[in-house]
Each structure stands twice: as structure tokens, then as C-alpha cells.
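Here the structure comes first, spelled out in C-alpha cells, and everything after it is commentary.
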Amino acid sequence: MTVSSDDKLAVEVTDLKRSFRGKLALNGIDLKIPRGTIQGLVGLNGAGKTTLIRHLIGSLKAEKGQVKVLGQNPAQDPESVLKQVGYMTEEDSLPKWMRVGELIDFCRAIYPTWDDSYAKELAEMFSLSRQTKLKGLSKGQRARAGLLVAIAHRPLLLVLDEPSSGLDPIARSDILEAVIRTISDDGRTVLFSSHLLDEVDRVCDHISLLHDGKILATLRPEDRDDQMQELTYQAALSWQPPIDTDRCFGWRRSGLEWSVVLVQRDDTSTPIFPEATLIERGPVSLQRWFEARVSRKSSISVHESVANGAS
Amino acid sequence: MQINIQSDGLPIYQQIANQIRYRIAARNLKPGDEVPSIRSLAESLRVNPNTVARAYRELETEGMLEKRRTKGTYVAKQDHQQSIRQRAQQLEPHLDTLIMYAVQLGLSLDHVTEQLRERIEVLEKRRTKNKEDLA
Chain F
92 MTVSSDDKLA
102 VEVTDLKRSF
112 RGKLALNGID
122 LKIPRGTIQG
132 LVGLNGAGKT
142 TLIRHLIGSL
152 KAEKGQVKVL
162 GQNPAQDPES
172 VLKQVGYMTE
182 EDSLPKWMRV
192 GELIDFCRAI
202 YPTWDDSYAK
212 ELAEMFSLSR
222 QTKLKGLSKG
232 QRARAGLLVA
242 IAHRPLLLVL
252 DEPSSGLDPI
262 ARSDILEAVI
272 RTISDDGRTV
282 LFSSHLLDEV
292 DRVCDHISLL
302 HDGKILATLR
312 PEDRDDQMQE
322 LTYQAALSWQ
332 PPIDTDRCFG
342 WRRSGLEWSV
352 VLVQRDDTST
362 PIFPEATLIE
372 RGPVSLQRWF
382 EARVSRKSSI
392 SVHESVANGA
402 S
Chain C
4 MQINIQSDGL
14 PIYQQIANQI
24 RYRIAARNLK
34 PGDEVPSIRS
44 LAESLRVNPN
54 TVARAYRELE
64 TEGMLEKRRT
74 KGTYVAKQDH
84 QQSIRQRAQQ
94 LEPHLDTLIM
104 YAVQLGLSLD
114 HVTEQLRERI
124 EVLEKRRTKN
134 KEDLA
């Protein structure tokens, strides 16, 4: 193996920039994924998730900045990097004219670390028969075939780009199990990009929020459990919420009730909302944090553009 | 172990810890019983292994579970578990919820105490009946 054992990062992206037809798709991405962890990637459509992933698998070359996957530059030496990477995407990109068996044989020839007994075990678990044409499979079964060929060579890094979208719950559950199994095997790493926030929340060690080509924040689900809180207040009709800060953001109104995400639950330095009554403290779901964080960014840029317009 | 994870509300590690606590309290898990390994429970629940590890750690701190030198995690003997006071402390948030509902429903403290006593009898009867049915 070409990778030195002391290299603790499976992925290291530094100040990555990329534009398409003059429009900035990635605007200075910094991302470090330690080996043996599951990294989640969430963001709105068009945030840049797939563009970032395509840099990791060597199908896009960095215009600016650096990309290192398993210690190497995937655009420079795609073959030796990709041998150690498993990749599965939402797009139904498998060659549909092939039979399951042909797909397996094809991938087996590409990957030197292909594990025949593991491939067989997976095929049995997923009830995939070698004779069936991919064209004849349901969407869920085709996804399982894609999953099988993404993991049967026991990759050091498994990259999943929206693997579960449009799949039934049992197929999604199979994918999640594969993710957990992959990191249970020592030192293997998973990058999991998805819109299904509950799934991301359940399996990931770290979750990064990508927005407008930048990573807005990275957090551990347990930090959200331990440190953040959603506060709900009852206010007078005329009340206007304060501007978002680092400490609390994402004001949301429903009738006379307002809720907000507080980043440090123990932070009681200054009251957040003294004019109103605090009626509830609760946990912050990933969805709530996501919405609050994304809206906070855009509200700041609105303020900025207003200021620019005035000057 | 058939643990149910819900995606709203309580952190997942607490859901796991609570359901194991419940099994120990109901004696479905007895002192000396082995609990699943972190890895296998994480795989079957489709959650991050660190989340399961955190639930186990919390239960170990409480003295409900113990790691043995020869691999594996087991339900601890009763005398290794926490003092009554420590255990009673864990009940507090649930009591708070009970009191809140009672106040909302306009029930007196005496009424609630009486209802609690009745309820314990019902559950006790049900348990003996279950045992007889199984025997």
C-alpha cells in the first residue's frame, strides 16, 4: 500500500475552489475526514455537495486549492486512489444491459482487494441472482447491486452521494447497515452525503453543512445533544426578534410563540429575550439546526447587500 | 435486543440507555447477563458505534453494566449498582412530568398518590399472571 500508516486523515481538502461558466460552485472548501470515522455532508440542492465529491473521486481536477484522498491526489493518479475507494451515487448509473453476475465480474477485475466471499454473502443477503439483468431489477434492488460493488472490495474510503434518495425504507436500511459495517472494520472511513437528515444524524461522527460552495459549520451530533437547546418564548404581538448572532440564531415564529437555537445551553451571561416568557427548553434536531444555520447565513448576506446598496 | 430508536426528541444514546435500564429494572435482563457488543448493537440499530458506546459508558458509570476483563459487557450485580438515593435521583425528571400533568388535569397530590398505588397493584397482578401463563 502506498499510504503511510501515520497519515490520520482519509480526506484532506484545503481551500478548494471551482467555478462553472464563471459561477463559483465551490468557494474555498476546507474539509478533514479522520480515518475510521463517518463524515456526513448535508446542504440544499445546488450547495456543491456533488461537485465536492467529484473532486474526491478524481473526476474533477482542483482549479485552486488541494485535494488529498488517502494521502494522494485523486486527479493526478486516479487509478491507484480509486482502487481503495468505493463509490455509490443516487444516479442510476449502472450499465443496465449487464447481468448482475457480469457487473460483479467486471468490478472484481478492477479491484485487487475484491473479496469473493464477502461479495457472495452480500448477494445472498440482498437476494441478488447473477442471472438477472440490471434492467429487470427494481430501483431498490439496483441500488443494492450498486452497494455490493461499492463495498465488496472492502474500500478504505466509501463515498456515498445521495445513495438512499427515492429508495424504500428497507433498501435504505441496508445501506445504513453497510455504512456501520464499513467503519466497524478497523480504520475504514465513510463519506455520507444525503438529504435524509435523520439518517445522517444516526450514523455520522461529524456532520458538515455545505452552503453556497462553503462549509458553514461542522458539528458532532453529540455536541448538539449536549450543548445546544431550542428555546421557545411567548411574546407580545409587536415584538421583533433580535438579529442572529453566533450564540443564538434562527428565530422562528408561530403565532405569538418564537423559538430560537441557542448554541451554548449553559450560557446564561445575558438574557436572550427578557421581554418575553420562556415557555420551553428542548433538544435541537438536525433539521432545526440546519434550517436555522442556513437562514442565518442568508440573513447576514441580506444585511450586507442592503449596506452595500446604501453606500 | 429489540431497541426502538425514534428520530425526534431524546438523543439516541439516551434512548438506548433508557431501554436497557428499563429491561434491567423489569428483570428482563438479570445480573450477569451479557449485553450485545457495541459493534453488533450498532449494526442492528443502524446507529454510530460511538453512540452505543456512550450509552454503555453512561450505564457503567451508574453501575448498571460492567465491562469484564475477558471481553464483553454484562449486567452488574445489584450491590455494585448505585445507591437508592442515586437511583431515586434518576426518577426525578419523570416525577416532574407526572406532577406537571397532574396539575394540568387539576388532580390533587393525594389523588395522584392513590392512583400510583393502584397502578402498581395492577402491574404486579399482570406480572404474576404472565409468569403463570409462561409456566
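Those protein sequences? They're chains F and C, same order as listed.
All residue numbers for the first sequence refer to the numbering used here, where the first residue is 92 and numbers rise by one.
All residue numbers for the second sequence refer to the numbering used here, where the first residue is 4 and numbers rise by one.
Just so it is clear, CB atoms sit at the ideal spot from N, CA and C, and this is done for glycine as well.
Keep in mind it's a predicted model, so treat the numbers as computed, not measured.
Could you name the residues of chain C that residue i contacts, counting a contact when the two beta carbons are closer than 7 Å?
i	result
F/ASP316	PRO14
F/SER284	None at all; the shortest Cβ gap to chain C is about 16 Å.
F/GLU268	GLU46 and ARG49
With 16 other CB atoms within 10 Å as the buried threshold, where does residue i fall?
i	result
C/MET103	exposed
F/ILE144	buried
F/ILE120	buried
F/ASP97	In this predicted model, F/ASP97 has a pLDDT of only 46, less than 50, meaning its place in the structure is not dependable; the value taken from the coordinates is given anyway. Burial call: exposed.
F/SER208	exposed
F/MET319	buried
F/SER392	Legend: pLDDT at F/SER392 = 43, less than 50; position of this residue unreliable, value from coordinates given subsequently. By the 10 Å Cβ count, F/SER392 comes out exposed.
F/GLY400	Residue confidence is low: F/GLY400 scores 37 on pLDDT, short of 50, so the model does not pin down where it sits. No coordinate-derived value is stated.
C/ASN133	exposed
F/ASP337	exposed
F/TRP188	exposed
C/VAL106	exposed
F/SER329	exposed
C/PRO96	exposed
C/ASN51	buried
F/VAL397	Because F/VAL397 carries a pLDDT of 38, less than 50, the predicted location of this residue cannot be relied on, and no value is offered for it.
Identify the residues that DSSP records as bridge partners of residue i: which are they?
i	result
F/ARG324	The displayed chain sequence assigns Tyr, not Arg, to residue 324 of chain F. DSSP output for F/TYR324 lists F/TRP349 and F/LEU369 as bridge partner(s).
C/TYR25	Bridge partners of C/TYR25: none, in fact.
F/GLN163	F/VAL160
C/GLU69	C/TYR77
C/GLU37	C/TYR77
F/GLY177	F/LEU249
F/ARG344	F/TRP349
F/LEU115	F/SER110
F/ILE120	F/LEU107
F/LYS226	Answer by DSSP bridge pairing: none, since F/LYS226 is not bridged.
Where does the unbroken beta strand (DSSP E) through residue i begin, and where does it stop?
i	result
F/PRO260	Unbroken run through F/PRO260 is the alpha helix (DSSP H), 260 to 275; no beta strand (DSSP E).
F/LYS305	305 to 310
F/ASP106	100 to 111
C/GLY12	Where C/GLY12 is concerned, there is no enclosing beta strand (DSSP E), given that its DSSP letter is neither H nor E.
F/THR280	280 to 284
F/ILE298	297 to 302
Give the interface partners of residue i over in chain F, defined as CB-CB distance under 8 Å, in chain order.
i	result
C/PRO52	ILE271, ILE274 and SER275
C/ARG57	GLU313
C/ALA45	ILE271 and SER275
C/ARG60	Within chain F, no residue comes near C/ARG60; the closest Cβ sits about 12 Å away, beyond 8 Å.
C/ARG42	SER275
Hey, out of the options, whose CA is closest to residue i's CA?
i	options	result
C/GLY12	F/ASP289, F/PRO333 and F/VAL191	F/ASP289
F/VAL375	F/ASP357, F/GLU321, F/LYS152 and F/LYS226	F/GLU321
F/LYS230	F/GLU181, F/GLY192, F/LYS211 and F/GLU313	F/GLU181
F/TYR324	F/PRO365, F/ILE306, F/ARG356 and F/VAL294	F/PRO365
C/VAL38	C/LEU68, C/ARG57 and C/TYR16	C/LEU68
C/LEU112	C/VAL125, C/ILE123, C/LEU98 and C/GLU124	C/LEU98
C/ILE87	C/GLU65, C/PRO52 and C/ALA45	C/GLU65
F/ASP252	F/THR204, F/ARG199, F/ASP183 and F/GLU212	F/ASP183
F/GLN130	F/ALA308, F/GLU382 and F/ASP317	F/ALA308
C/PRO34	C/LEU101, C/GLN93, C/ALA79 and C/ALA91	C/ALA79
F/ALA116	F/ILE124, F/PRO125 and F/ASP106	F/ASP106
F/CYS198	F/ALA214, F/VAL240 and F/TYR178	F/VAL240
F/VAL37	F/VAL191, F/LEU267 and F/VAL176	Outside the displayed span of chain F (92 to 402) sits residue 37 of chain F, for which this structure offers no information.
F/ARG279	F/ASP357, F/LYS226, F/VAL160 and F/GLY156	F/VAL160
Identify the continuous alpha helix (DSSP H) that holds residue i and give its terminal residues.
i	result
F/GLY127	Run containing F/GLY127: none; DSSP gives neither H nor E here.
F/PHE197	191 to 201
F/GLU154	Neither: F/GLU154 is in no alpha helix (DSSP H) and is coded neither H nor E.
F/GLY237	230 to 242
F/GLN355	Counting along the chain, F/GLN355 falls outside any alpha helix (DSSP H), and DSSP gives it neither H nor E.
C/GLN107	87 to 107
C/ASN133	112 to 137
C/PRO52	52 to 64
F/ASP207	207 to 216
Quick one: which chain C residues come within Cβ less than 8 Å of residue i?
i	result
F/CYS295	ASN51
F/LEU251	Ordered by position in chain C, no residue passes the 8 Å Cβ test against F/LEU251, which lies about 14 Å from the chain.
F/ILE306	By Cβ distance, chain C contributes nothing, its closest Cβ being about 20 Å from F/ILE306, past 8 Å.
F/PRO374	GLY12, LEU13 and PRO14
F/LEU129	Strictly speaking, residue 129 of chain F in this sequence is Ile, with Leu absent from that position. Those are ASN51, listed as they occur along chain C.
What do you reckon, is the C-beta of residue i under 7 Å from a heavy atom of the ligand PLP?
i	result
F/LYS114	As far as ligands go, the structure on display features none, and thus does not contain the ligand PLP.
What does residue i reach in chain C if we use C-beta pairs closer than 9 Å?
i	result
F/SER264	ARG49
F/ASP121	None at all; the shortest Cβ gap to chain C is about 23 Å.
Which residues of chain F have a Cβ atom closer than 7 Å to the Cβ of residue i, listed in chain order?
i	result
C/SER10	ASP289
Taking Cβ positions only, does residue i come closer than 8 Å to chain B?
i	result
F/HIS244	Note that chain B does not occur in the displayed structure, where the protein chains are F and C.
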